[in-house]
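Participant: Take this structure, written in structure tokens, and hold onto it; I'll ask about it next.
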Amino acid sequence: MKQLQHVIWSKGTFLTPQHLQIQDRYIEDSLRFFFESLSFRFWGFSRLQIDESKLTEGLLSISGGAGVMPDGLLFDFPGADAAPSSRQLNAFFSEQKRKVGVFLAVPEQRPGGVNVSQRSDIKARYVAETRMLRDENSGTSEKPIQIARKNLRLLVDSEGREGSTVMQVAEVEQTADGTYRLVPGYVPPMINVHGNAFLLGMLRGLVEKLAARSSVLANARKQKNQSLADFTAADVASFWLLYTVNSHLPVFRHLLNRSVVHPEQMYSAMLELAGALTTFSLTIQSRDLRDYDHENLGECFRDLNEKIRILLEEVVPTNFVSIPLKLVRESIYAGAIDDDKYLKDTRLYLALNAEMKDAELITRTPQLMKIGAAGYVDEIVRHALPGLKLTHVPAPPSEIPVKLKYKYFSLDASGSVWEGIQRARNIGVYAPADFRNVELELVILLPVKARS
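All letters in the sequence shown, in the order written, are residues 16 to 467 by this note's numbering.
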């Protein structure tokens, strides 16, 4: 129970140790109440350094650490506090147990009980330590003062932790060759992202990924603005993706430039980004994003970071392929169709631009142009055979990016001429001399199952 009632100091009060003890409890519990009220998870390490070289001897040794225990106890070692003694871990491993968790522990506060001992092996919260201190006003009159040194120790997960406040420091595993190492990716409870190399590296990576994605999308937007007559559904989605990336990039850059960032702040920003990106995904939904877990930071951050990576790498789905048709000989334009999926269950459109009035272009193209396999077009023209049927399409499907000055014609993908195109895996178009400065593209609209 928290001590939230302060001592009443009045004239004639007979001063006893209990007065000062209860006043200390009041101050400490008030601070804890304050932190709990304002912070989602106020406890954890602000920094932690483990001497990995000692692991070769089977020792876990903490060379430095600072933070707040779950019960509000502050610590900072080396310096203000003494570091806990190293722990020999060899005895805790076996053929069946290849991984152990190690915890920083301190005995709980016992209201009305024993909280200070003269020996560290006694399970008391503090160890009395005498220091010679001078009067800080005069700098003289050195006196012995007893200081309550925090009785910090390291416990292994198989040891009893009853009566102690604990916070996990690391996971250690024994490898096949009998050596020991820290479990990669394990992150202890932290109260500052900048105190952990894994989280800080992830934050820096997010800034770099978002900056790169923003640059790619912005360049694509500039190119489209210069060539398209209208925006397709895919273009609109690309702009919204650019908006999403650019909205979140400054937030992550701000977190990277700050010196103190609680992991929950970073996780909230990542959740907001991932949630927005799921709008563009067919595989990851917002409900797939896991909750923040202060005691399992490594796993929850890795999972969310991987989802963001996938979401950022997913191109806004495009379901068309554009194949430019080049002049290969007089009046004959051709292009290769090098993927079988472009020839099955697809819709084909011919995009045409030429120096001819629009009405005339629309009327004469189906009459005069001949389409077949590139090696068979000459035969079609020579014998005045029909090629693939062309039909003008005033309003092409919204998935197709409509180019300025181009007219679009659908191709009837059936019959023997189409079968010849499928076998040859190419297409040829005969454009007579009536069509000047011809520009041709074959646009293939893919079915849902073939989209990439």
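Beta carbons: idealized from backbone N, C-alpha and C, even for Gly. Given the structure is predicted, the values throughout are model-derived calculations rather than measurements.
Pull up the DSSP beta-bridge partners for Tyr423, would you.
Facilitator: Looking up residue 423 in the sequence shown gives position 408. Answer is Ala366.
Participant: Using 8 Å as the Cβ pair cut-off and three pairs as the minimum, do the stretch 314–330 and the stretch 403–423 touch?
Facilitator: Judged by Cβ distances under 8 Å, the stretch 314–330 makes no contact with the stretch 403–423, as fewer than three pairs qualify.
Participant: Thinking just about the alpha-carbon of each residue, which of Gln20, Leu119 and Arg176 is nearest to the one in Ile37?
Facilitator: In the sequence shown, the residue the question calls residue 37 occupies position 22. Nearest C-alpha to Ile37: Gln20.
Participant: Indicate the three-state DSSP secondary structure (helix, strand or coil) for Phe50 in the structure shown.
Facilitator: Position 35 of the sequence shown, counted from the first residue, corresponds to residue 50. Residue state, collapsed to three classes: helix.
Participant: From the DSSP output, which residues share a beta bridge with Pro122?
Facilitator: Against the sequence shown, residue 122 aligns to sequence position 107. Answer by DSSP bridge pairing, in chain order: Ser179.
Participant: Quick one: any contact between the stretch 49–58 and the stretch 201–208, if contact means 3 or more CB pairs under 8 Å?
Facilitator: As far as the Cβ criterion goes, the stretch 49–58 touches the stretch 201–208, which means the pair count is three or higher.
Participant: Between the Cα of Arg344 and the Cα atoms of Ala389, Ala366 and Asn368, which residue gives the shortest distance?
Facilitator: Along the sequence shown, read from residue 1 onward, the residue named residue 344 stands at position 329. For the residues Ala389, Ala366 and Asn368, the minimum Cα distance to Arg344 belongs to Ala389.
Participant: Taking buried to mean at least 16 other C-beta atoms within 10 Å of its own C-beta, is Gln189 buried or exposed?
Facilitator: Here residue 189 refers to the residue found at position 174 when the sequence shown is read from its first residue. The residue in question, Gln189, is buried, as its Cβ has 16 or more Cβ neighbours within 10 Å.
Participant: With DSSP collapsed to three states, give me the class of Gln161.
Facilitator: As a working mapping, residue 161 is identified with position 146 in the sequence shown. If DSSP states are grouped into helix, strand and coil, Gln161 belongs with the strands.
Participant: Since Phe335 and Leu460 should fall inside the 8 Å C-beta cutoff, what is the C-beta to C-beta distance between them, to a whole number of angstroms?
Facilitator: Along the sequence shown, read from residue 1 onward, the residue named residue 335 stands at position 320. Along the sequence shown, read from residue 1 onward, the residue named residue 460 stands at position 445. Going by Cβ atoms, the distance from Phe335 to Leu460 rounds to 5 Å, so yes, they are a contact pair.
Participant: With a threshold of 8 Å on Cβ separation, who are the neighbours of Leu304 within its own chain once the five nearest residues in sequence on each side are excluded?
Facilitator: By 1-based counting over the sequence shown, the position of residue 304 is 289. Result list for Leu304: Leu286, Ala289, Gly290, Thr293, Leu319 and Lys322, in chain order.
Participant: Assign Gly435 to one of two classes, buried (16 or more other C-beta atoms within 10 Å of its C-beta) or exposed (fewer than that).
Facilitator: Within the sequence shown, the letter at position 420 stands for residue 435. Burial call: buried.
Participant: Measuring straight from C-alpha to C-alpha, what distance separates Glu186 and Ser52?
Facilitator: Reading the sequence shown from its first residue, position 171 is the one you call residue 186. Reading the sequence shown from its first residue, position 37 is the one you call residue 52. The straight-line gap from Cα to Cα measures roughly 31 Å.
Participant: On a CA-only basis, which of Ile352, Val222, Asn261 and Asp449 is nearest Arg324? Give me that one, please.
Facilitator: In the sequence shown, counting from the first residue as 1, residue 324 sits at position 309. Answer by Cα proximity: Val222.
Participant: Can you give me the start and stop residues for the alpha helix (DSSP H) that Tyr282 sits inside?
Facilitator: Along the sequence shown, read from residue 1 onward, the residue named residue 282 stands at position 267. Counting along the chain, the alpha helix (DSSP H) containing Tyr282 begins and ends at Pro278 to Leu292.
Participant: Residues bridged to Glu186 by DSSP?
Facilitator: Here residue 186 refers to the residue found at position 171 when the sequence shown is read from its first residue. Answer by DSSP bridge pairing, in chain order: Gly116.
Participant: Under 7 Å from any heavy atom of the ligand GDP, does the C-beta of Leu232 make it?
Facilitator: Absent from the structure shown: the ligand GDP. Ligands present: none.
Participant: Just mark Pro126 as buried or exposed, buried being the case when its beta carbon has 16 or more other beta carbons within 10 Å.
Facilitator: Here residue 126 refers to the residue found at position 111 when the sequence shown is read from its first residue. So Pro126 counts as exposed.
Participant: Output needed for Arg3: all residues of its chain with C-beta closer than 8 Å, excluding positions within five of it in sequence on either side, in chain order.
Facilitator: One cannot answer for residue 3 here, as it falls past the ends of the chain, which runs 16 to 467.
Participant: Please report the residue range of the alpha helix (DSSP H) in which Thr378 lies.
Facilitator: Counting from 1 along the sequence shown, the entry for residue 378 is found at position 363. Here the alpha helix (DSSP H) through Thr378 covers Asp373 to Leu383.
Participant: Give me the Cα-Cα distance between Phe267 and Gly80, rounded to the nearest whole angstrom.
Facilitator: Here residue 267 is taken as the residue at index 252 of the sequence shown, counted from 1. Here residue 80 is taken as the residue at index 65 of the sequence shown, counted from 1. Approximately 26 Å between the Cα atoms of the pair.
Participant: Under DSSP, the beta strand (DSSP E) around Gly193 begins and ends at which residues?
Facilitator: Here residue 193 refers to the residue found at position 178 when the sequence shown is read from its first residue. From DSSP, Gly193 is part of no beta strand (DSSP E); its letter is neither H nor E.
Participant: What separation, rounded to the nearest whole angstrom, lies between the Cα atoms of Gly313 and Ser68?
Facilitator: Residue mapping note: residue 313 aligns to position 298 of the sequence shown, counting from 1. Residue mapping note: residue 68 aligns to position 53 of the sequence shown, counting from 1. For Gly313 and Ser68, the distance between alpha carbons rounds to 22 Å.
Participant: Whose CA, out of Pro85, Ser283, Tyr364 and Ser429, lies closest to the CA of Met182?
Facilitator: The residue labelled residue 182 in the question sits at position 167 within the sequence shown. If we check each option's Cα against that of Met182, Pro85 comes out closest.
Participant: Identify the continuous alpha helix (DSSP H) that holds Lys322 and give its terminal residues.
Facilitator: The count along the sequence shown starts at 1 and reaches residue 322 at position 307. First-last of the alpha helix (DSSP H) with Lys322: Leu312 to Glu328.
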